[in-house]
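One structure is given below, encoded as structure tokens.
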Ligand code: NAD
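As structure tokens, then:
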């Protein structure tokens, strides 16, 4: 089996990366940065997101696992002092796989220009670089509302515990093939009206965000990467056909992870 390890780059993560690399090669596993069967991230959830985007072109062939060197992460959920146990499990292979849904984001240009396509593990968020975001929201091709406010966040089930949660969105179990739209400070008064609640949409319900003014520029963040875009006709969002595959070596149920991250890590 071929593996790669991505470190956050701090001293602690680099040391753990070095130790894991050595142990796994001692077990005759091959280090392959380009085409790993298993991508290991060492750091935090941000490092895991980076590993995901590095190998997003080969999700059918690369499984992921995360070791955390700071606080417990949602994706990075192995402790540094568990790595010997983890190495033995990896070396024994084959491993069990757990799949989580992803989000497809397509940005269609208003006039000549490239269509851009992204995969998100956590979410896509849309904000404005100057003033209020004004966008029509369409669901399954039908006009739903005209949104005015700070922005919108479109998240996956596993991303529902991240930015989405801070915006008052619901936590969705990743066994559900769904995605969620949450508002950021919408303007609501007698003139302007939005639904005001997070929306949870099933797989086949496509959502389109259409800026009212094509010349406006928007900050679009896909997981941990932000870029500025203008000349946007539509931002199309849907549950992707692709899934992320986690290598599972021990049970760590989603609700236990939610409990340990947000309530307490004591019983
Ligand atoms: P970062 O270092 O600022 O990390 C933000 C925090 O989000 C970290 O504590 C990380 O552990 C946590 N996180 C990431 N994914 C998570 C998930 N699926 N469930 C629960 N917690 C999660 O930024 P980064 O490391 O580059 O991560 C980018 C992510 O940060 C984005 O995908 C977004 O979800 C999140 N974020 C959160 C807020 C907020 O909570 N107000 C604001 C901006 C971005």
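Numbering (our numbering), first residue to last: 72 to 338. For glycine and all other residues, C-beta sits at the position ideal for the given N, C-alpha and C. Given the structure is predicted, the values throughout are model-derived calculations rather than measurements.
What three-state label does DSSP hand residue i in the structure shown?
i: residue 214; result: strand
i: residue 142; result: coil
i: residue 237; result: helix
i: residue 72; result: coil
i: residue 244; result: coil
i: residue 191; result: strand
i: residue 288; result: coil
i: residue 231; result: helix
i: residue 106; result: coil
i: residue 263; result: coil
i: residue 14; result: Here the chain has residues from 72 to 338 only, and residue 14 is not among them.
i: residue 160; result: helix
Taking residue i as the reference, give the member of the options with the closest Cα.
i: residue 253; options: 243, 95, 184, 239; result: 239
i: residue 219; options: 264, 78, 162, 236; result: 264
i: residue 283; options: 104, 166, 75, 204; result: 204
i: residue 246; options: 256, 231, 109; result: 231
i: residue 106; options: 133, 211, 202, 259; result: 133
i: residue 285; options: 207, 127, 82; result: 207
i: residue 96; options: 124, 325, 162; result: 162
i: residue 309; options: 212, 158, 299, 241; result: 212
i: residue 262; options: 93, 216, 299, 242; result: 216
Quick one: what's got a C-beta closer than 6 Å to residue i's C-beta in the same chain, skipping five residues either side?
i: residue 198; result: 222, 290
i: residue 170; result: 314, 316
i: residue 270; result: 252
My understanding is that residue i touches residue j, with C-beta atoms under 8 Å, so please give their C-beta distance in whole angstroms.
i: residue 111; j: residue 138; result: 7 Å
i: residue 191; j: residue 174; result: 4 Å
i: residue 302; j: residue 144; result: Not quite, the Cβ-Cβ distance comes to about 36 Å (not below 8 Å), so this is no contact.
i: residue 104; j: residue 78; result: 12 Å between Cβ atoms; not a contact.
i: residue 229; j: residue 250; result: That pair is no contact at about 11 Å.
i: residue 296; j: residue 233; result: At roughly 14 Å, the Cβ-Cβ gap does not stay under 8 Å, so residue 296 and residue 233 are not in contact.
Using a Cβ-Cβ cutoff of less than 8 Å, which residues in the same chain neighbour residue i once the five nearest sequence positions on both sides are dropped?
i: residue 321; result: 160
i: residue 148; result: 137, 139, 323, 328
i: residue 101; result: 72, 73, 74
Between the stretch 119-130 and the stretch 89-102, can you find at least three pairs of beta-carbon atoms closer than 8 Å? no
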